[in-house]
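Using my numbering, the first residue of the sequence shown is number 1133, and each one after it goes up by one.
Here a beta-carbon is modelled for each residue, glycine too, at the ideal position from N, C-alpha and C.
Since the structure is predicted, the reported quantities are computational estimates derived from the model, not experimental observations.
Scroll down for the structure; my scribbles are underneath it.
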Amino acid sequence: MKGLHLTADLYRCRCEPAWLTDAARLGDWCLAAIASVGLVPVQHMFHTFPRTGDGPGRVSVTVLLAESHVCLHTWPQERSVTCDVFVCDVGGDLSAQARGLMTALVERFQPEWTEQRSLDRGEEA
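Okay, here's the thing in structure tokens:
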């Protein structure tokens, strides 16, 4: 069950506002980014939450991978995003793919600053 879990909290994102509010647009882009690093999506859900008194609704994008999962959650009123990429080393080391995907996600949102973490999960067999 060895794997790599990457997280990033993105603040004051300078991307186009639609990337924070349009679940279908963000989800479709995310599927393409996943494929571009060689990971395999097997199921997905893209959801836009209702508008609130604070502004447009948040977006959640979740993609189940053959190798594990990717989750994104946006806070448009704060121009913030959380990103979660987890890959299990099924058939080999997938850390380069996970890191490549996280780089693409961060670049998509153009944050002023990020807080990123990396966690090695499980044990060697």
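Bounding residues of the alpha helix (DSSP H) (the contiguous stretch that carries residue i)
i: residue 1241; result: 1227-1241
i: residue 1162; result: 1155-1168
Range covered by the beta strand (DSSP E) that runs through residue i
i: residue 1135; result: 1135-1143
i: residue 1249; result: 1245-1253
Backbone secondary structure at residue i - three-state DSSP
i: residue 1210; result: helix
i: residue 1171; result: coil
Selected residue, minimal CA-CA separation from residue i, among the options
i: residue 1248; options: 1152, 1238, 1151 and 1255; result: 1238
i: residue 1235; options: 1171, 1185, 1150 and 1165; result: 1165
i: residue 1209; options: 1190, 1194 and 1224; result: 1190
i: residue 1177; options: 1147, 1194 and 1139; result: 1194
i: residue 1255; options: 1246, 1220 and 1187; result: 1220
i: residue 1172; options: 1133, 1207 and 1233; result: 1233
i: residue 1184; options: 1207, 1244 and 1133; result: 1207
Cβ-Cβ distance between residue i and residue j below 8 angstroms
i: residue 1217; j: residue 1196; result: no
i: residue 1155; j: residue 1137; result: no
i: residue 1162; j: residue 1226; result: no
i: residue 1253; j: residue 1135; result: yes
i: residue 1199; j: residue 1222; result: yes
i: residue 1246; j: residue 1141; result: yes
i: residue 1143; j: residue 1212; result: yes
DSSP beta-bridge partners of residue i
i: residue 1187; result: 1184
i: residue 1215; result: 1140 and 1204
i: residue 1220; result: 1135
i: residue 1196; result: 1175 and 1201
The ligand HEM heavy atom lying under 7 angstroms from the CB of residue i
i: residue 1221; result: What this structure holds is no ligand at all, so the ligand HEM is not there to describe.
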